[in-house]
Amino acid sequence: MTSNDSNSNGTILIIDDTPDNLRFLSELLTKAGYEVRKVINGELGIESALVEPPDLILLDIRMPGIDGYEVCDRLKHSDRTSSIPVIFLSASSEEFEKVMAFQAGGVDYIIKPFQVVEVLARIETHLRISRLQQQLQRQNSALENEIEQRNSAEAALKILNQGLEARIQERTLALQTENNQLLELQSELQKAIAQEQRRNKLQFRWIRNIAQKFRTPVAVATSAVELLKQENNHRSAESDRYLQIIENSTRTISRSLQDILLLANESQEPSFNPTSINLTQACQSFIDQWQLPSSPEYRLLFVSFGKSPDSVFIDEALLQQICTHLLVNAVCYSPNGGTILFELIYEPTKAIIRVRDEGIGIPLEDQPRIFDRFYRAKNADAIAQDSTGLGLAVVKRAVEQHGGTIAVSSEINRGSIFEVSFPIEAPAEVEQESS
Numbered sequence: 002m003t004s005n006d007s008n009s010n011g012t013i014l015i016i017d018d019t020p021d022n023l024r025f026l027s028e029l030l031t032k033a034g035y036e037v038r039k040v041i042n043g044e045l046g047i048e049s050a051l052v053e054p055p056d057l058i059l060l061d062i063r064m065p066g067i068d069g070y071e072v073c074d075r076l077k078h079s080d081r082t083s084s085i086p087v088i089f090l091s092a093s094s095e096e097f098e099k100v101m102a103f104q105a106g107g108v109d110y111i112i113k114p115f116q117v118v119e120v121l122a123r124i125e126t127h128l129r130i131s132r133l134q135q136q137l138q139r140q141n142s143a144l145e146n147e148i149e150q151r152n153s154a155e156a157a158l159k160i161l162n163q164g165l166e167a168r169i170q171e172r173t174l175a176l177q178t179e180n181n182q183l184l185e186l187q188s189e190l191q192k193a194i195a196q197e198q199r200r201n202k203l204q205f206r207w208i209r210n211i212a213q214k215f216r217t218p219v220a221v222a223t224s225a226v227e228l229l230k231q232e233n234n235h236r237s238a239e240s241d242r243y244l245q246i247i248e249n250s251t252r253t254i255s256r257s258l259q260d261i262l263l264l265a266n267e268s269q270e271p272s273f274n275p276t277s278i279n280l281t282q283a284c285q286s287f288i289d290q291w292q293l294p295s296s297p298e299y300r301l302l303f304v305s306f307g308k309s310p311d312s313v314f315i316d317e318a319l320l321q322q323i324c325t326h327l328l329v330n331a332v333c334y335s336p337n338g339g340t341i342l343f344e345l346i347y348e349p350t351k352a353i354i355r356v357r358d359e360g361i362g363i364p365l366e367d368q369p370r371i372f373d374r375f376y377r378a379k380n381a382d383a384i385a386q387d388s389t390g391l392g393l394a395v396v397k398r399a400v401e402q403h404g405g406t407i408a409v410s411s412e413i414n415r416g417s418i419f420e421v422s423f424p425i426e427a428p429a430e431v432e433q434e435s436s
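All letters in the sequence shown, in the order written, are residues 2 to 436 by this note's numbering.
Given below as structure tokens:
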């Protein structure tokens, strides 16, 4: 029930036997940006609505042949037109006329002579309600599909666990099938994430619930893979390859789900447990444990400038999260390898962490939104197709919990610099809680 004209606000079908009314309403609605279709009696109106359903119908009550009540009743009994909102038009203000209109299935009742502001307001209101109902129906359908897929995945995983003692060939086939299902789940999840860019609170709640439901089948799949890896007897190289594919897929989905659950639950107070730590030692330890990909060639350098204070008030778990996402981002968008420089700089009132890479860079027009949830620069898709676009949003949130700031500077094909700044002194409210 949409207009063929992409610039139209919607398609409205007017059914009225009075030429003056048709002319007035048609001119009014056309000027307001609607696509208008007109018919002069009920039979033609029903035929027009069935052939090409409009977004809304304006229906006169008193017409030769079948009246507006019967037209509406027949439209409401057709699956093709039952959901179209119908607004009755009448010169009568009698209560019984209005009652009959609503009993026939109408959503509103406009009394002639028409008031321009009233007509436009009522039409816009019912179009908005109709579109919201259609959106809710689509979301409910998507949710039902996701639940059905989850149930299918759980059933497949149960069969997989029960069949661990079967032959290697049977295991390989089951694992290949299960991997395809997991990839389908990941694809659906990526689509849901893209839609969340235009989310509202209802969409956030839906995504969070779906992510929570996915955690169980993914965890079961991970456990199944571990069990199969322990079954070494007569396993072929092809089986090992499928096992590795599934393990990589479940790890990617798990990271995505963790980031989604962290950011989607906006209504809850985020966890924040800062303590006094030696920031230089913490960063050095993190860098020492960090493992870069072996191919292409990467070099990770750590340097520190300025006088290091005895301690800095930071949530160490969030610090690990910040450093991990910044380094993962640097590696991910440096497909040709190169040097990644991790700098720790102390100033009188703040500590600064800078991560520099020699990667593809970020287009200037994308930089203002690079920390938004689910946002990806236009040159990122070809490099990191499985990225959720959540990592930098996680970093920004963790930095802001410390009262800090984050910024980026970048040039195409010359790399990017991400700079995180923390206050060295603990915020007053945190000091009071500690005392």
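Think of the CB as a built atom: it goes at the ideal place given N, C-alpha and C, for glycine as much as any other residue.
Residue i (DSSP reduced to helix, strand or coil)
i, result
"K32", "helix"
"F115", "coil"
"F375", "coil"
"I247", "helix"
"A105", "helix"
"S417", "strand"
"E426", "coil"
"S411", "strand"
"I13", "strand"
"I160", "helix"
"S435", "Only weak support exists for where S435 lies, its pLDDT of 47 falling under 50; the value from the coordinates is given anyway. Correct three-state label for S435: helix."
"N201", "At N201 the pLDDT is 47, less than 50, meaning the model places this residue with poor confidence; the figure from the coordinates comes in the next sentence. Looking at N201 - three-state DSSP - the assignment turns out to be coil, as it is neither helix nor strand."
Residue i versus the options, residue with shortest Cα-Cα distance
i, options, result
"V37", "L45, E44 and I16", "I16"
"F115", "A92, F103, V100 and R132", "A92"
"V87", "I160, S188, R151 and L60", "L60"
"I148", "L137, R172 and P218", "P218"
"S272", "S312, A318, F306 and Q290", "A318"
"A157", "I247, D358, A175 and G416", "A175"
"F287", "V118, L26, I130 and L327", "L327"
"A154", "Q321, G416 and L183", "L183"
"I323", "D367, R242 and F419", "F419"
"I58", "E125, S94, E96 and Q140", "E125"
"M64", "G43, K379 and Q292", "G43"
"K192", "R151, T178, A143 and N181", "A143"
"S411", "G404, R357, A381 and V396", "R357"
"Y50", "L26, K32, L76 and G360", "According to the sequence displayed, residue 50 carries Ala and not Tyr. Nearest option by C-alpha distance: L76."
"G34", "L45, D68, P54 and L121", "L121"
"F343", "T173, F306 and L190", "F306"
"K32", "E189, L133, Q177 and N10", "N10"
"N380", "N414, L391 and N146", "N414"
"Q368", "V409, Q134, Q104 and R398", "V409"
"F25", "L45, I47 and K113", "K113"
"R132", "I169, R172, I85 and M101", "I85"
Range of the contiguous beta strand (DSSP E) that encloses residue i
i, result
"V356", "K351 to R357"
"A92", "Element bounds for A92: n/a, residue is neither H nor E."
Pair within 8 Å by beta-carbon distance, residue i and residue j
i, j, result
"L393", "F372", "yes"
"I425", "K308", "no"
"L345", "T281", "yes"
"G106", "D80", "no"
"G339", "Y299", "yes"
"I62", "E119", "no"
"Y334", "P310", "no"
"G360", "G404", "no"
"K39", "L29", "no"
"I353", "V396", "no"
"P55", "I111", "no"
"Q285", "F314", "no"
"Q187", "I254", "yes"
"F89", "G69", "yes"
Neighbour flag for residue i against chain D, beta carbons, 8 Å
i, result
"L23", "The chain inventory of the structure shown lacks chain D, comprising one protein chain alone."
Opening and closing residue of the alpha helix (DSSP H) in which residue i lies
i, result
"L393", "G392 to Q402"
Review point. What are the uninterrupted segments assigned as alpha helix (DSSP H) that are 4 or more residues long and contained completely in the stretch 272–349, given in chain order?
Key: 280–290 and 317–333
Point to revise | Complete alpha helix (DSSP H) runs within the stretch 20–81 (minimum length 4 residues, chain order) | key: The stretch 20–81 contains these whole alpha helix (DSSP H) runs: 20–32, 43–52 and 69–77.
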